[in-house]
Amino acid sequence: MKPDTKLITLGRPRPERESTINHPVHRASTIVSPDVDSYIHRNQGGRRQDRVSYGASGTRNSRELGHAIADLEGGAGAVVTGTGLSAVTMAIAAFVAAGDHVLVTDSVYGPTRRFCSEVLGRYGVETTYYDPAIGAGIEALMRDNTRMVFLEAPGSLTFEMQDVPAIAAVARARGAIVAMDNTWATPLFFRPLDHGVDISIQAGTKYIAGHSDLVIGLITCATDEQFQRVADTANAYGDVASPDDCWLALRGLRTMGVRLRRQQATALEVTRWLASRPEVHRVLYPALESDPGHALWKRDFGGASSLFGLALATTDEAAVARMVDGLELFRIGSSWGGYECLIAFNHMPVPRDVVPWTEKPFMLRLHLGLEDPEDIIADLAAGLGRLAG
Ligand SMILES: Cc1ncc(COP(=O)(O)O)c(C=O)c1O
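Using our numbering, read the sequence shown as starting at 79 and increasing by one per residue.
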């Protein structure tokens with residue numbers, strides 16, 4: 079079945095005598111058993127991905143969403159978590175122990191970095207950040223105790239691509255688990271597990287939910303054993319997503335294909351236009367031919383979402399504030415993946431150990447929604463006009 083058809087059919091009720099198109103929301107703390115014997119054995123038998131026994135370890139709604147994402151990512155199972163960040167932290171916590179070492183891309187999402195440096199550090203797990211462009215050169219950083227290699231492509235804020243198959247091949251040969259934050263591409267545009275990755279992470283908050291009204295995370299595992307381990311860890315930490323948010327995320331999935339393709343077309347048009355403007359220093363977007371990560375993106379990815387970096391020529395912060403504050407279609411905010419345009423202002427460099435981005439003192443991050451690209455360009459053109467004062 080093609081991915082677009084899967085988006086429509088996965089996680090839906092089987093037709094019965096009377097049934098609805100969508101599952102209802104199963105709000106639950108308690109899930110009761112019909113008798114003592116089934117209560118005693120409620121956590122045994124059948125697939126873990128299907129069982130429900132208590133609201134804090136998932137409901138029918140999280141199971142349906144998990145099945146759908148696992149199928150789209152090509153994995154054995156997917157654990158649903160409360161936020162995208164907790165999907166990252168649970169995926170890491172599931173596999174590391176005191177004395178272990180993890181390798182994390184220097185371009186990783188900031189809060190992932192904070193978790194590795196601060197929390198893992200306190201628990202006796204050491205993190206080394208590596209150049210996202212390292213490729214097979216990661217071999218030189220692998221230690222006997224390297225338990226996990228963590229990737230994110232393109233990188234947060236700076237949009238560096240990574241040679242996923244090359245890094246994954248080295249890591250796996252050395253017995254490390256390979257995990258990747260795949261939020262930017264979604265499983266529609268990149269399937270990490272097909273490229274040697276063990277664990278693919280989605281902040282479902284972004285394109286999956288698609289409407290900027292919930293937070294949720296997903297961890298897809300290549301094997302059943304890994305799934306059990308991640309599910310046990312999330313359960314031990316008490317990390318769960320509400321049935322309502324699972325239901326909304328599954329609803330978002332139905333339209334993700336059309337949204338993403340429209341947003342991709344808009345992003346290509348708008349980024350090409352921006353790159354041609356004299357006020358622009360650089361557009362950071364791997365789908366652009368001029369981007370340093372373009373060859374890798376073209377080789378491995380099936381498409382591009384609509385989040386990119388914009389470095390302006392000017393270093394005048396007040397002028398950029400004038401530009402951004404006057405935009406009509408862009409709200410100022412830090413998430414992305416919804417149906418609407420968003421813009422964020424970031425002082426640079428953000429914390430990096432290996433490759434700090436120092437070309438300009440600040441950078442804009444734009445997310446393009448489903449508005450007409452002509453209107454978006456007109457809004458941005460007026461904004462660039464305000465830079466001159
Ligand atoms: C790449 C990436 N991963 C993970 C997350 C975390 O998602 P959430 O906000 O749902 O915790 C974000 C949020 O911005 C993100 O950009």
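By construction, the Cβ of each residue, glycine as well, lies at the ideal position given by its N, Cα and C atoms. Given the structure is predicted, the values throughout are model-derived calculations rather than measurements.
- Membership of Asn139 in the alpha helix (DSSP H) is indicated by the continuous run 138-151.
- Bounds of the beta strand (DSSP E) holding Thr205 are 204-208.
- Counting of Cβ neighbours within 10 angstroms places Glu142 among the buried residues, the total reaching 16 or more.
- Approximately 17 Å separates the beta-carbon atoms of Ala382 and Arg360; this is outside 8 Å, ruling out the contact.
- Secondary structure of Phe228 (DSSP, three-state): strand.
- Among the bridge pairs identified by DSSP, Ile410 is matched with Ile421.
- With fewer than 16 other beta carbons inside 10 angstroms of its own, Asp82 counts as exposed.
- Shown here for Gly415: same chain residues with a beta carbon closer than 6 Å to its own, the five before and five after excluded, namely Lys284, Tyr285 in chain order.
- Cβ-Cβ separation between Tyr208 and Thr183: approximately 6 Å, consistent with a contact (criterion under 8 Å).
- Annotation for Gly411 indicates a beta carbon at 7 Å or more from all heavy atoms of ligand 1.
- Gly295 sits in a strand when the DSSP states are folded into three classes.
- About 14 Å separates the CB atoms of Ile294 and Ala169; that is not less than 8 Å, and the two are not in contact.
- A direct Cα-Cα distance of roughly 11 Å separates Arg464 from Ala396.
- Checking the 7 Å criterion, the Cβ of Ser234 is within range of a heavy atom belonging to ligand 1.
- Between Leu446 and Thr344 the beta-carbon gap is near 5 Å, inside 8 Å, which marks them as a contact.
- In the DSSP assignment, Met239 forms no beta bridge with any residue.
- In this structure, Pro232 lies away from Glu151, with their beta-carbon atoms at least 8 Å apart.
- DSSP, reduced to helix, strand and coil, places Arg95 outside both helices and strands of the structure shown, so it counts as coil.
- Relative to ligand 1, the beta carbon of Tyr285 is positioned no closer than 7 Å to any heavy atom.
- Restricting attention to beta strand (DSSP E) runs no shorter than 3 residues, the region 338-400 encloses them at 358-362, 385-390, ordered along the chain.
- Judged by DSSP in its simplified three-state form, Gly155 adopts strand.
- Spanning the alpha carbons of Leu352 and Arg225 requires a straight line of approximately 42 Å.
- Per DSSP, Ala169 lies in no beta strand (DSSP E) segment; the continuous alpha helix (DSSP H) that holds it begins and ends at 162-171.
- In the structure shown, the three-state DSSP call for Tyr132 is strand.
- By the beta-carbon neighbour count (other beta carbons within 10 angstroms, threshold 16), Asp291 is exposed.
- Linking Gln341 to Thr349 through their CA atoms gives a straight-line distance of about 12 Å.
- When C-beta atoms of the region 151-160 are compared with those of the region 268-275, three or more pairs fall below 8 Å, so the two segments count as touching.
- Here the region 315-335 makes no contact with the region 197-206; the two share fewer than three CB pairs at distances below 8 Å.
- The three-state reading of DSSP puts Thr183 in strand, counting E and B together.
- Beyond the five residues adjoining it in sequence on each side, Thr190 comes within less than 6 Å, by CB distance, of Val166 in the same chain, given in chain order.
- A direct Cα-to-Cα measurement between Leu346 and Arg252 gives close to 39 Å.
- Under a 10 Å Cβ-count criterion, Ser111 is classified as exposed, with fewer than 16 other Cβ atoms of the shown protein chains found around its own Cβ.
- The beta carbon of Val166 sits closer than 7 Å to at least one heavy atom of ligand 1.
- Its Cα nearest to that of Met239, the residue Asn260 stands out among Asn260, Arg250, Leu219, Ala247.
- Bounds of any alpha helix (DSSP H) do not take in Gln280; it lies within the beta strand (DSSP E) bounded by 277-281.
- At least one heavy atom of ligand 1 falls within 7 Å of the beta-carbon of Asp259.
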